[in-house]
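Enquirer:
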């Protein structure tokens with residue numbers, strides 16, 4: 111996307127300027143290091159800013175997907191406030207239920223009566239209890255919910271990948287490596 115392009119441009123600009131400094135025959139090693147140091151700092155600062163924006167985008171995507179997957183189910187033609195109240199009521203009805211057989215019975219009843227709101231509330235509670243089997247039963251019975259749930263899972267996988275070094279390396283956004291000129295004594299070296 112846009113931020114990936116900006117990250118690439120920042121790296122390319124940094125690499126180009128770094129090579130220009132390294133190839134300059136009029137500069138000794140100390141002078142090269144003194145010119146490289148602010149270039150490196152500036153490139154790293156820009157990269158950090160862009161990465162934070164990129165991460166914020168992944169966080170926002172995961173948040174939106176979570177609201178869609180775990181929020182009140184769509185009710186065509188219903189007043190949004192009434193829909194939210196109905197869902198909140200269903201959530202409160204299952205909030206203290208932790209017995210898997212009781213949750214299973216509630217899900218069965220919701221499916222039998224076509225009560226998508228209660229079914230979603232049971233799935234929300236089952237997810238909180240890490241009852242994957244019950245969540246799977248809910249998703250198997252509701253194609254639209256399954257799609258939003260998968261979207262939520264994918265958004266969280268992307269966010270997790272963005273948060274790990276291996277994920278950053280795979281996506282090409284790992285930190286710019288400190289140039290050897292700065293590791294070998296840095297600014298002020300002879």
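Numbering (our numbering), first residue to last: 111 to 300.
From the three backbone atoms N, C-alpha and C, an ideal C-beta is built for every residue, glycine too.
1) If you draw a straight line from the alpha carbon of residue 129 to that of residue 178, how long is it in whole angstroms?
2) I'd like to know whether the C-beta atoms of residue 266 and residue 166 end up nearer to each other than 8 Å.
3) Between the alpha carbons of residue 254 and residue 181, how many angstroms are there, rounded?
4) One question on the structure: do residue 286 and residue 147 come within less than 8 Å of each other, judged by their Cβ atoms?
5) Taking DSSP as the reference, what is the three-state secondary structure of residue 210?
6) What's the gap between the Cα of residue 138 and the Cα of residue 144?
7) Please classify residue 223: does DSSP put it in a helix, a strand, or coil?
8) Can you look up residue 188 in the DSSP assignment and give me helix, strand or coil?
9) If you measure between the beta carbons of residue 213 and residue 229, is that distance less than 8 Å?
10) Can you give me the C-alpha to C-alpha distance between residue 299 and residue 272, rounded to a whole angstrom?
11) Which word fits residue 226, buried or exposed, when buried means at least 16 other C-beta atoms lie within 10 angstroms of its C-beta?
12) Assuming residue 232 and residue 216 make a contact with CB atoms under 8 Å, what is their CB distance in whole Å?
Expert: Straight from the coordinates:
1) Going by C-alpha positions, residue 129 is about 48 Å away from residue 178.
2) Between residue 266 and residue 166, the gap from beta carbon to beta carbon reaches 8 Å or more.
3) 13 Å
4) no
5) helix
6) 10 Å
7) Reduced to three states, the DSSP call for residue 223 is helix.
8) coil
9) No, the Cβ-Cβ distance between residue 213 and residue 229 is not below 8 Å.
10) Note that residue 299 has pLDDT 42, beneath the 50 cutoff, so the model's placement of it is unreliable and the number below is only indicative. Using only the alpha carbons, I get a separation of about 37 Å.
11) Per the 10 Å Cβ criterion, buried.
12) Residue 232 to residue 216, Cβ: 5 Å. Contact.
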